[in-house]
Every structure is written in C-alpha cells, then in structure tokens.
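Those letters in the sequence shown? Residues 0 to 154, by numbering that gives the first Met the number 0. Just below is one structure, and these are the notes that go with it.
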Amino acid sequence: MKNTPLRAGGRLLAVLALLLFHGSSCKNDPKTSSGSDAALTGGTVTIRMDGAANTLNPYLPSTGYSRYVAVRIFNTLAELDPETLELKPLILKKMPVKREVKDGPHAGQLAYDFEILDEAQWDNGSPVTGHDMAFVLKIIFHPGLPTDVYRGYFE
C-alpha cells in the first residue's frame, strides 16, 4: 500500500483525536467542598440489588439481600480482622476476657465482661448501653422467635 498524503493525514488525525480524548479524561479528583481530604458525611447512598430485603432485623431469618443491608447499617461489638482473622473491638474498649463465676446461682459457669466505648451512640444520640446488649440476648433466646440459628453461639 502506498502512503498517500490523505492516508497519512488520517493517521495523524486519529492520533490527535486519541490524545485529545486521553488528555480530557485525565484530571484530578475534586476535593470536598471545603477543600480538605476529610470524608464526606451525610447524604444518600444508593445500591442496586436484584431483590428486596425482607427484614432489617439482623437476628431474624432473612434473605442474602437483608443480610447485605443489615451489615452496612448496624455496628457489632467487634469485627474480624481480615489479615489476622482475630476479633478486634469495634465499639468495645477492649476484647472481653472470660472468667469463672465464683458464687450465686451461676457459680462455675463462664462470664464475659464487656466495656462499651463512651462515645458509642445510636443515631438519635443516646448512648449504647449494657441494657441494649441484654435486649439483643433476650431477642435471641425468645422461644417465640425463629432465632435458633444464633442461639448455639450464646448457650
């Protein structure tokens, strides 16, 4: 094939167009409106799912969609470190240590003492307390609720 001026001009035009598109797609990401690198808070996150969540209660039997939503809106006491596979405190001051109960009706059984971070709070500003954790355990052990899948972890 002969290299005609028209063909060479077409190649040059294609290269220039490619450079133009490449140059226009390379830009710095804008910072937050204040100009800082701080994370934005508030607003709305929209996630598309193939199905609907059938419950937002993380302790009731649910679909995978419900679980997907629940783990993103509820904090847990601790979370699994993906590198060490150890539990790390999330809203706890430290991981609880087991101890044997010495006296009373539960003598000889194991107990765990949890200390919740002072700054742990609900979305309305009220603090997360031991009463909240007791409520969760009451839900899990309630005989009228289908929560047997979790009971084995707490018995």
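For glycine and all other residues, C-beta sits at the position ideal for the given N, C-alpha and C.
Report yes if the C-beta distance between V206 and I115 is below 8 Å; otherwise report no.
The requested residue 206 does not occur in the structure, where the chain is confined to residues 0 to 154.
Are at least three pairs of beta-carbons, each pair with one atom in the segment 52-68 and one in the segment 76-84, less than 8 Å apart?
no
Bridge partners of A52, per DSSP?
Beta-bridge pairing links A52 to no other residue.
Cβ separation of T75 and L89, assumed to be a contact under 8 Å, to the nearest whole Å
6 Å
Taking the alpha-carbon of R71 as reference, which of K87, K92 and T45 has the nearest alpha-carbon?
T45
DSSP three-state call for L136: helix, strand or coil?
helix
Could you tell me the distance, in whole angstroms, from the CA atom of K93 to the CA atom of Y111?
12 Å
Use the C-beta contact count for V68: other C-beta atoms within 10 angstroms, 16 or more gives buried, fewer gives exposed.
When all chains shown are included, V68 counts as buried.
Alpha carbon to alpha carbon, how far is V148 from S65? Give it in angstroms, no decimals.
16 Å
For A69, does the three-state DSSP call read helix, strand or coil?
helix
Secondary structure, alpha helix (DSSP H): runs of 4+ residues fully inside the segment 74-145:
Scanning the segment 74-145 for uninterrupted alpha helix (DSSP H) segments of 4 residues or longer gives 129-140, listed from N- to C-terminal end.
Spatial neighbours of I139 within its chain, please: C-beta separation below 8 Å, excluding the five flanking residues on both sides.
Y58, T146, Y149, R150 and F153
On the DSSP letters alone, give me the boundaries of the alpha helix (DSSP H) that G171 sits inside.
For residue 171 there is no data in the structure shown, the boundaries of the chain being 0 and 154.
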